[in-house]
Structure formats: C-alpha cells, structure tokens
Amino acid sequence: MSSDTTPVIVQALRTPQGKRDGALAEVRSEDLSIPLIDEILAETGLSGDEIDDLMWGCAQQRTEQDNNVARVI
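Counting from 506, one number per residue, gives the positions in the sequence shown under my numbering.
In structure tokens form, the structure reads like this:
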C-alpha cells in the first residue's frame, strides 16, 4: 500500500438544479446524491472501499434539508 496521501480528484458531477415548486421540489438532496455516487463509481471503476473521502456541497440549503449533506450520504 502506498503511503502517498496526495488528494486526487477522480470525477466531478452535479445533480440537476430545480425551480421552486418544480418537479424536484419534493425530492430530498440526499436522494439526488445517491444515484450520483453510484454513477461516479460506475464511470471510474472504483469500489466504495477505495474511496477515502468525498467533498460534497449544497448551494441552497433550506428547511429540513439544511443539514450537512455529506454526512447523510
């Protein structure tokens, strides 16, 4: 096992952006995130065990979804 701890960005994707009261209004941000992670793993050929850390953000956190999304997913 390598002792190199240099961070590497392997893949970057984003979830769709919805409008207020639009088609995604009732979809929770973490529910949008899970398929995104599955897609990243599929495209890169990595397994979840090979991932040490995820950097995750939520631009417009509101009401019950104003938590730390990265901790939920």
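All residues carry an ideal CB built from backbone N, CA and C; glycine is no exception.
| Buried or exposed by the 16-neighbour rule on C-beta atoms within 10 Å, applied to Ser534 | buried
| Which of the three DSSP states, helix, strand or coil, is assigned to Gly562? | coil
| Quick one: Cα of Ser508 to Cα of Glu555, how far? | 14 Å
| request: Can you grab the Cα-Cα spacing for the pair Leu529 / Gly523, in whole Å? | output: 6 Å
| task | Just tell me which of Asp536, Arg519, Pro512 has its CA closest to the CA of Gly562. | result | Arg519
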